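Novice:
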Amino acid sequence: MISLLPLAILTLRQPGAAARSLLLSPLSREAIWTALCLIVVLNALSYTVMNLLFPLSEELSFLKLSTGSYIIISTALTVLFALLLSVGGRWLGGQGRFLPVLTLLIWIQVVQLFLQVLVIVFTFALPLLGSLLGLVGNLFLVFVLLHFINEAHGFASLWRSAAVVVMAAILLFFAMMFFAGLIGPANIGLPGHV
14 MISLLPLAIL TLRQPGAAAR SLLLSPLSRE AIWTALCLIV VLNALSYTVM
64 NLLFPLSEEL SFLKLSTGSY IIISTALTVL FALLLSVGGR WLGGQGRFLP
114 VLTLLIWIQV VQLFLQVLVI VFTFALPLLG SLLGLVGNLF LVFVLLHFIN
164 EAHGFASLWR SAAVVVMAAI LLFFAMMFFA GLIGPANIGL PGHV
């Protein structure tokens, strides 16, 4: 059983050690997929609350997704990103596998959810501090991701991890554009003639 609070503190202090702890924990496939479903639903609830508290302007309303769409897209992107990170890392000489990488991504999403709750609270109390906390927190999560990928693949350098993350992010972006083209611009709120 993984204790969440000590692991969260370890993630903040020593991301590499937190990744090793997660990688050494005996999680079954069912537990990993259940955790993915749970965190996606919790993130969807957070997304809905953020949209209610801080609605998008009229010009950006096409970016607003329904909760169901958010769940489907978030799940697909998380699974695809884990696959790209594991394959890309092995391509660069790493040894990471899909399920351990997915486990690490799920944990990053758990930490990100706690960060979103803090951002919401701070935004009401001190709006500037809330925005700054969100920016710094997300930059820190990129740093954590680099350490997690470094541990998952057994790299000796964060630069290799950065190369894997950049490569996976670029491929994920092109995959999103491909699927958006299949769905059709009009179906996602964009004009058809652009």
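Residue numbers for the sequence shown follow this note's numbering, beginning at 14 and rising by one.
Positions of the beta carbon are idealized from the N, C-alpha and C atoms, including for glycine.
Values in this document were obtained by computation on a predicted structure and should not be read as measured data.
1) Does Pro113 pass the burial test, meaning 16 or more other C-beta atoms within 10 Å, or should it be called exposed?
2) For Gly107, count neighbouring Cβ atoms within 10 angstroms of its own Cβ and tell me buried if that reaches 16, exposed if not.
3) With a threshold of 7 Å on Cβ separation, who are the neighbours of Leu159 within its own chain once the five nearest residues in sequence on each side are excluded?
4) With a 10 Å radius around its C-beta and 16 neighbouring C-beta atoms as the bar for buried, classify Pro28 as buried or exposed.
5) So what does DSSP say about Arg26, is it helix, strand or coil?
6) List, from N- to C-terminal side, the alpha helix (DSSP H) runs of 4 residues or more that fit wholly inside the segment 44-105.
7) Are the beta-carbon atoms belonging to Ser34 and Leu23 less than 8 Å from one another?
8) So, are the CB atoms of Gly102 and Ile162 less than 8 Å apart?
9) Select from Asn151, Ile183, Leu115 the residue whose C-alpha is nearest the C-alpha of His166.
10) Tell me whether Glu71 is buried or exposed, calling it buried when 16 or more other Cβ atoms sit within 10 Å of its Cβ.
11) If you measure between the beta carbons of Leu154 and Ile121, is that distance less than 8 Å?
12) Report the residue from Leu93, Gln125, Ala138 whose alpha carbon sits nearest the alpha carbon of Phe186.
13) Thinking C-beta only, is Val130 closer than 8 Å to Ala21?
14) Quick one: grab the DSSP three-state call for Pro39.
15) Measuring straight from C-alpha to C-alpha, what distance separates Leu40 and Phe111?
Specialist: On the basis of the supplied data:
1) buried
2) buried
3) Leu171, Ser174, Ala175, Val178
4) buried
5) helix
6) 80-104
7) yes
8) yes
9) Leu115
10) exposed
11) yes
12) Leu93
13) no
14) coil
15) 13 Å
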